[in-house]
Structures are given as C-alpha cells and as structure tokens.
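Position in the sequence shown (first residue = 1) + 133 = our numbering.
Read the structure below first, then the notes.
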Amino acid sequence: MAKPTTDNLARDLVRLLSDLTGLYGELAMHMHDQFEAIRQADTDRITSITARQMTLADRVAERNGLRRQIARRLQQELGLRADPMRVADLAEHLPEPRRSQLLTVAAGLKQQLASMQQLGLTSAMVTQEMLKHLEEILSVMTAGAPGGDVYLRTGNRQASSTAHVFEAVG
134 MAKPTTDNLA RDLVRLLSDL TGLYGELAMH MHDQFEAIRQ ADTDRITSIT ARQMTLADRV
194 AERNGLRRQI ARRLQQELGL RADPMRVADL AEHLPEPRRS QLLTVAAGLK QQLASMQQLG
254 LTSAMVTQEM LKHLEEILSV MTAGAPGGDV YLRTGNRQAS STAHVFEAVG
C-alpha cells in the first residue's frame, strides 16, 4: 500500500473539515426545527428531530476521530511535534494552495461551531423555562384549592383544606 503524501493528507483533511461543517450545519437546521416544534408543542416531531440529531451527533463524533487521525499523520509527515496542533498552526507548514484551502475551511467550521454554541445556549434557556413552567403546573395540580370536601380512594367523604388532583377517583 502506498504511503500517503503530505498533499494527499492535507487534501483529505480539507474534505473532512468541509464535511464536518456540513454536518454541523445540518445539526443547526434540526435545532431550529426543534425550536419550532417546541413552540407548537408537537411531541412526535420533537422526538423525530431528536433521533435525527443523535444520528448526526454520532457521525460528527466519528468524523472528529478521523480528523484527529489525519491531522496526527500529517504532523508526522511534516516532521512536527506529536502534540495536537490547531489547524491554523498546521496550515502554516503547508504549501499553497492547500494552506489557503485548509485555512478557509477551518474558518468556516469555526463560524459554524460558534453558531452551534449560540443555539446550545438558546436550547438551554428554553429547557430551563419549560422546566419552570412544568414545576408551576405540578405545584398547582398537587396543591389544590383550599376548603371543600374530597372523596378518598375508599369512597368516603372527608373535609379537607386541600384537594389533590392526583387523588381523584375516576
């Protein structure tokens, strides 16, 4: 099997980073769709989107592992230190046009990751608000209104200062 050249490794790294940018873009699209499904309280759609996101996240993890391997091999081919390097630092050691290609795709990936980070923060805030709302609903449902008679599970009537929704017999 032929040993890959520096140019081939750099080309593969450019393609892989471009692929990662596309995967993160697809994840971002699904996050926007998920926010819309949350607004509409469409639980089936939320579940479907989450499953697609999990599949994409697995692909991203796989691609990131491959990216590390290619970058490590490229560093070895260039005779650089074995410590992980930033893509921009690695690109400095490549001739044109690979240097420019690598820097361009790395900048696009960085921008996409910044967008994903912002979406993650938005998602965390939405989740917090949903949990606060759910907590309020549960406290109202379990507290009940003061006064009035309630029926126990045995069917007996009892005067109570609170009525619990979860004690209702149906």
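For every residue, glycine included, the Cβ atom is placed at its ideal position computed from N, Cα and C.
What are the boundary residues of the beta strand (DSSP E) that includes residue i?
i    : result
A204 : Looking at the DSSP string, A204 is not in any beta strand (DSSP E); the run it does join, the alpha helix (DSSP H), is 176-211.
A292 : 290-292
Hey, how far is the Cα of residue i from the Cα of residue j?
i    : j    : result
T275 : R286 : 16 Å
L252 : R172 : 15 Å
A143 : L213 : 14 Å
R290 : Y284 : 5 Å
R185 : H163 : 8 Å
L150 : A170 : 30 Å
A240 : A221 : 9 Å
D166 : I182 : 8 Å
K265 : S256 : 14 Å
M134 : E262 : Reliability fails at M134, whose pLDDT of 43 lies under 50, so the model's placement of it is uncertain and no value is given.
P137 : T180 : 43 Å
L236 : Q250 : 21 Å
Please say whether residue j and residue i have beta carbons closer to each other than 9 Å?
i    : j    : result
T139 : E210 : yes
L207 : L189 : no
R196 : P217 : no
R192 : L223 : no
Q245 : G158 : yes
T154 : L242 : yes
L146 : I203 : yes
R232 : E225 : yes
R205 : A215 : yes
Tell me where the alpha helix (DSSP H) around residue i begins and ends.
i    : result
L142 : 139-172
A221 : 220-224
Ordered list of beta strand (DSSP E) runs contained in the segment 240-285, each at least 3 residues | 282-284
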